[in-house]
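Step one of this worksheet: look at the structure below.
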Amino acid sequence: MRYDFSATEKKWQARWAEQNTFATGTDQNKPKYYVLDMFPYPSGSGLHVGHLEGYTATDIITRYKRCRGFNVLHPMGWDAFGLPAEQFAIKTGTHPRLTTEINISSFRDTLKSMGFSYDWSREINTTDPGYFKWTQWIFLKLHEMGLAYMSEIDVNWCEELKVVLANEEVDEKLADGYTVVRKPLRQWVLKITAYAERLLEDLDGLDWPENVKQMQRNWIGRSEGVEIDFELRCHRTNLRVYTTRPDTLFGATYLVISPEHPMAEKLATAQQLTAVKAYIEQAKLKTELERTGLQKDKTGVFTGSYAINPATGEALPVWISDFVLTSYGTGAIMSVPAHDSRDWEFAKKFGLPIREVVKSPHDVQEAVFEAKESVSVNSSNDEISIDGLPFKAAFDRMATWLESKGKGKRTVNYRLRDWIFSRQRYWGEPIPIKHYEDGTMRHETNLPLTLPEVEAYHPTSTGESPLANIEEWLIGSDEHGRYRRETNTMPQWAGSCWYYLRFIDPANAEKLIDPSRERYWMNVDLYIGGAEHAVLHLLYSRFWHKVLYDLGVVSTKEPFQRLFNQGMILGEDNEKMSKSRGNVIPADLVLSTYGADAVRLYEMFLGPLEQVKPWNTNGIEGISRFLSKVWRLVYAENETSLRITEEKPGHAVLKRMHKAIRKVSEDTELLKFNTAISEMMVLVNELHKAGCYSREAVETVLLLLSPFAPHITEELWQTLGHEQSISGAAWPLFDPSMAKDDVVTIAVQVNGKLRGTYDAPADCPKEQLLEEAKKLESVVKFLEGQSIVKEIVVPGKLVNFAVKPL
RNA sequence: GCCAAAGUGGCGGAACUGGUAGACGCGCUGGACUCAAAAUCCAGUGGGUGCAAACUCGUGUGGGUUCGAGUCCCACCUUUGGUACCA
0 MRYDFSATEK
10 KWQARWAEQN
20 TFATGTDQNK
30 PKYYVLDMFP
40 YPSGSGLHVG
50 HLEGYTATDI
60 ITRYKRCRGF
70 NVLHPMGWDA
80 FGLPAEQFAI
90 KTGTHPRLTT
100 EINISSFRDT
110 LKSMGFSYDW
120 SREINTTDPG
130 YFKWTQWIFL
140 KLHEMGLAYM
150 SEIDVNWCEE
160 LKVVLANEEV
170 DEKLADGYTV
180 VRKPLRQWVL
190 KITAYAERLL
200 EDLDGLDWPE
210 NVKQMQRNWI
220 GRSEGVEIDF
230 ELRCHRTNLR
240 VYTTRPDTLF
250 GATYLVISPE
260 HPMAEKLATA
270 QQLTAVKAYI
280 EQAKLKTELE
290 RTGLQKDKTG
300 VFTGSYAINP
310 ATGEALPVWI
320 SDFVLTSYGT
330 GAIMSVPAHD
340 SRDWEFAKKF
350 GLPIREVVKS
360 PHDVQEAVFE
370 AKESVSVNSS
380 NDEISIDGLP
390 FKAAFDRMAT
400 WLESKGKGKR
410 TVNYRLRDWI
420 FSRQRYWGEP
430 IPIKHYEDGT
440 MRHETNLPLT
450 LPEVEAYHPT
460 STGESPLANI
470 EEWLIGSDEH
480 GRYRRETNTM
490 PQWAGSCWYY
500 LRFIDPANAE
510 KLIDPSRERY
520 WMNVDLYIGG
530 AEHAVLHLLY
540 SRFWHKVLYD
550 LGVVSTKEPF
560 QRLFNQGMIL
570 GEDNEKMSKS
580 RGNVIPADLV
590 LSTYGADAVR
600 LYEMFLGPLE
610 QVKPWNTNGI
620 EGISRFLSKV
630 WRLVYAENET
640 SLRITEEKPG
650 HAVLKRMHKA
660 IRKVSEDTEL
670 LKFNTAISEM
680 MVLVNELHKA
690 GCYSREAVET
700 VLLLLSPFAP
710 HITEELWQTL
720 GHEQSISGAA
730 WPLFDPSMAK
740 DDVVTIAVQV
750 NGKLRGTYDA
760 PADCPKEQLL
770 EEAKKLESVV
780 KFLEGQSIVK
790 EIVVPGKLVN
800 FAVKPL
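Have a look at this one:
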């Protein structure tokens, strides 16, 4: 009897659904384990083998943990608001809801045919009013807490298309010949910067890949520096700059402010005014990309004004340049061209003086010297000297001096910016805010505030979302007067910021989440997803979670205790899978050819989970062979009768078996599925070789394999007479004494080169190992005529003789 | 440029805290079964020299530490991911 994967997989998937096999356990006395996938955006192109990698990994862990006695929460849902469905609607008039529904049902089918053991009764969808009611609720809380505010923000505005573009879209539109300008629009902004310090600090306690933590640290970009006031010569105000190198103050030879700096125009002298105005105007036309992107050539204009260097008393010219960012620090810098490459470049271009104040190994007129591992020079006046001091000491003395003179203040700065939270789109959560005629704003308390039906999905000519065209929805009145609704919607990130909480209590109509369930299930014990979310999604989620923590909605400071990034699966040509390359391997295709168990095993066998690796359809044949070998542990070839025996396995087989239990258990815990599978292959090969079809051994194989290949093992488990699902069976335990070798092969080396091996008992004492080694024929000839300088014995491993010619 | 990770057979990859490099799988070669094929099974499979026993080289490159290095240290090269004037 041959294994028919197609019929078997269908049979068990139907039975699992019918019997609710994977319903989440509710007995709170049992230990819990929460395994979460990054839920997908249900796109129209369906799932390919790359998408299934992470889901397979979490499913293996889920099934494994269940067998180890945990209540496991393993849910799935849909991040279903988003641009593609809306673009499709603009083109075809199809309602995004319909597109989304169709895509979801195709995604769900594929996931089900992989045999994933999700608790489908907890499925959530971010576009479901019952869900986004709470997304809106969180937004209102953010607003109450002063963490959501409106501000004029520059957006990428395309004149011809009358549309706001996302940063990612700008390049492509420019290439098509459109013009994109920066235009200020009133936007909702979330004050994530208020949580910068906590977001940074709490990273330390997380079991996350080091590179992801590092990326978040870089993104938050904490820096310690000093704000220094420079007196302006012909103005009563000061010019405040931010620097992380106060130790180089003596080397500051000019100042630069950004074109948007409030003082920019005021500082222009009569003579310079025309040039300054022209420069500011020109900067406005440039997009963010043009200003910060590839073009590195420095531009700038002199204001005509001067400021006094508090350390040297010198008058420094004040320049305007767009390389200085308005939104970082004070929007103004002191330039120390000798020790900062940007300042150096600028100074060279405009002929400004360069003065060495940190001892440099070369002439700073020729090249910049930026390293901090040196000491200050030329840095003293009547009141202070930092000459000879290394960076840290020089920094401190200078900062203290400036503070004592009231000219400066130590400051911490973050690179992190507040989060622009509004989109001028239809297919997103409406922001539940009412704007009244008197200019006040109130919350829409009747949540959820749902989307109205619209005729057309195009943004309006003013750049507002299509919602601005729907009078009935837009305008209303209540006891506070006439109001106009907020027409911006939330970005796609919003729904994914807190979905992991809703899975715990998906149907709660009264609360976002029930506190006792929250306390039982949080945190997420294992969160698996792609590295592309290393910063944004994971940072935004952590931010919302901390806000909910402050609100008392959740009991943990962090949402995801352990994070794991699966590596991408490349196409067979070693390139990223993409439609345009034509190298996409669709999930449904391999599923129908090889079956779910083979696909699951192969995806995991390909290599380490975290690694990027190419798909190779040929390789899956090996897995199919392995599965039929497993099948033949129970059914002999061409036989319908069982070959299983009730005898105890032989000693050698038993040892092999216990070793496999240990290895597979350890590797599964560590998500090292490739080596776990390899170990199972070794065991199965061994059983066939030994002709051992003992029930004890075969059932062990089935149990070990069941999280990986649930269908075939379920079928054979039933064949062997079990009435309960193998998914509920207890994980096998190993006997440590059985999992140990009693005979080991000892390697014998002479001068580190392998010259022979022999078998010895595992606990053989050193002396005896040496004796035996010296007797080996293949070793003796290398010892002849030599004097042994040193004898190294590693029990259970090897013997090495260091020799010298006599 | 900066930050992070990684370079091992024809290919994917394995190798615990330094201890027999190449597990497992793909592919390939030969054989068995068959009228034949598929499937399956058995044997072999890093390079070089050799009839053989055996010897020798070999984990990106060059040095170093060590009885012993894929693994540790230094320098360099390449690839991938992140970031991009953050003062």
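Per numbering that gives the first Met the number 0, the very first residue in the first sequence carries number 0; after that it's consecutive.
Glycine included, C-beta positions come from ideal geometry on N, C-alpha and C.
Near residue i, which residues of its chain fall below 7 Å by C-beta distance, leaving aside the five closest residues on each side in sequence?
i      : result
MET246 : Note on identity: in this sequence residue 246 is Asp, with Met being the wrong assignment. SER375, ILE385, PHE390, ALA393, PHE394, MET397, listed in sequence order.
GLU369 : HIS338, ASP339, SER340
ALA635 : ARG642
ALA729 : CYS66
TYR278 : PRO258, VAL300, ILE319
HIS457 : ILE89, PRO465
PHE249 : ALA310, THR311, VAL356, ASN377, SER378
Quick check on residue i: does DSSP put it in helix, strand or coil?
i      : result
GLN560 : coil
GLN491 : coil
GLN215 : helix
TYR809 : Here the chain has residues from 0 to 805 only, and residue 809 is not among them.
GLN748 : strand
ILE279 : helix
ASP741 : coil
ALA729 : coil
ASP153 : strand
GLN27  : coil
GLU790 : strand
By a C-beta neighbour count over all protein chains shown, 10 Å radius and 16 as the cutoff for buried, is residue i buried or exposed?
i      : result
GLN213 : exposed
GLU200 : exposed
ALA467 : buried
CYS691 : buried
VAL793 : exposed
ASP513 : exposed
LEU590 : buried
GLY81  : buried
ASN617 : exposed
ILE791 : exposed
MET144 : exposed
SER515 : exposed
GLU557 : buried
LYS358 : exposed
Please report how far the alpha carbon of residue i lies from the alpha carbon of residue j, in whole angstroms.
i      : j      : result
GLU571 : PHE604 : 16 Å
VAL583 : GLY45  : 11 Å
HIS544 : SER495 : 12 Å
LEU164 : ASP666 : 46 Å
GLN610 : TYR117 : 25 Å
PHE115 : HIS710 : 10 Å
HIS142 : LEU446 : 15 Å
ILE527 : LYS182 : 39 Å
SER5   : ASP596 : 10 Å
SER677 : GLU722 : 29 Å
TYR413 : HIS532 : 21 Å
THR99  : PRO41  : 7 Å
PRO83  : LEU388 : 58 Å
LEU189 : VAL553 : 20 Å
ALA801 : ASP206 : 44 Å
LEU797 : VAL681 : 25 Å
ASP58  : LYS31  : 16 Å
For residue i, which residues of its own chain have a beta-carbon under 6 Å away from its beta-carbon, when the five flanking residues on both sides are left out?
i      : result
ASP741 : ALA761
ASP734 : HIS657
PRO731 : ILE660, THR699, LEU702
LEU293 : Bear in mind that a pLDDT of 47 at LEU293, under 50, signals an unreliable position, so the number given afterwards is only what the model happens to contain. Taken in chain order, the list of residues that qualify is empty.
Output needed for residue i: all residues of its chain with C-beta closer than 8 Å, excluding positions within five of it in sequence on either side, in chain order.
i      : result
LEU473 : LEU466, ALA467, ARG483, ARG484, THR486
message = Could you tell me which whole alpha helix (DSSP H) segments of length 4 or greater appear in the region 61-110?
response = Those alpha helix (DSSP H) runs which fall completely within the region 61-110 and span 4+ residues are 82-91.
message = Suppose only complete runs of 3+ residues qualify. What are the beta strand (DSSP E) ranges in the region 188-240, listed by chain order?
response = 222-231
task = Could you pull out every unbroken beta strand (DSSP E) segment of at least 3 residues lying fully inside the region 417-457, listed in chain order?
result = 432-435, 440-442
message = Threshold first: 3 residues or longer. Then list the beta strand (DSSP E) segments lying entirely within the region 311-373, N to C.
response = 314-319, 331-334
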